[in-house]
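A quick write-up on the structure given underneath.
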Amino acid sequence: MRRDILSKKLFIFDLDGTLTESKAPMDSEMALLLNKLLEKKLVTVIGGGSFGQFQEQFIRKLKAPESLLKNLFLFPTTSTAFYRFLNDE
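Each number in this note's numbering comes from the position in the sequence shown (counting from 1) with 3 added on.
If you want it as structure tokens, here you go:
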């Protein structure tokens with residue numbers, strides 16, 4: 004099973020109830036683990052909240068260096084919007 008997981012290029016997570024408690028900010032342990040994953044893999048986070056909710060609950064707590072943000076893809080509002088870090092934004 005470990006070999007199978009290591010072969011994956013993309014990991015997809017739900018925000019509420021998976022990466023965070025429902026509507027609560029992400030804790031520092033989860034932020035550290037996600038930073039380590041972003042060093043090696045692409046990460047997608049899907050959630051039902053607005054982009055503002057993602058900022059409060061996830062992005063501000065992630066504190067990832069810009070070099071890792073190229074591997075992060077965000078799909079707020081139940082995937083009706085798509086955000087990624089591009090050209091330092």
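Glycine is no exception: its CB is placed at the ideal position from the N, C-alpha and C atoms.
Beta carbon of residue 87, beta carbon of residue 71: below 8 Å?
Within the sequence shown, residue 87 is the residue found at index 84, counting from 1. Within the sequence shown, residue 71 is the residue found at index 68, counting from 1. Not closer than 8 Å, so no.
Alpha-carbon to alpha-carbon, residue 30 and residue 58:
Numbered from its first residue, the sequence shown carries residue 58 at position 55. Numbered from its first residue, the sequence shown carries residue 30 at position 27. Rounded to whole angstroms, residue 58 to residue 30 spans 14 Å at the Cα level.
For the beta strand (DSSP E) that contains residue 49, what are its first and last residues?
For the purposes of this step, residue 49 is identified with residue 46 of the sequence shown, where counting begins at 1. Note, residue 49: beta strand (DSSP E), 45-49.
Residue 54, enclosing alpha helix (DSSP H) - first and last residue:
Here the question's residue 54 lines up with position 51 in the sequence shown. From DSSP, the alpha helix (DSSP H) with residue 54 extends over 54-57.
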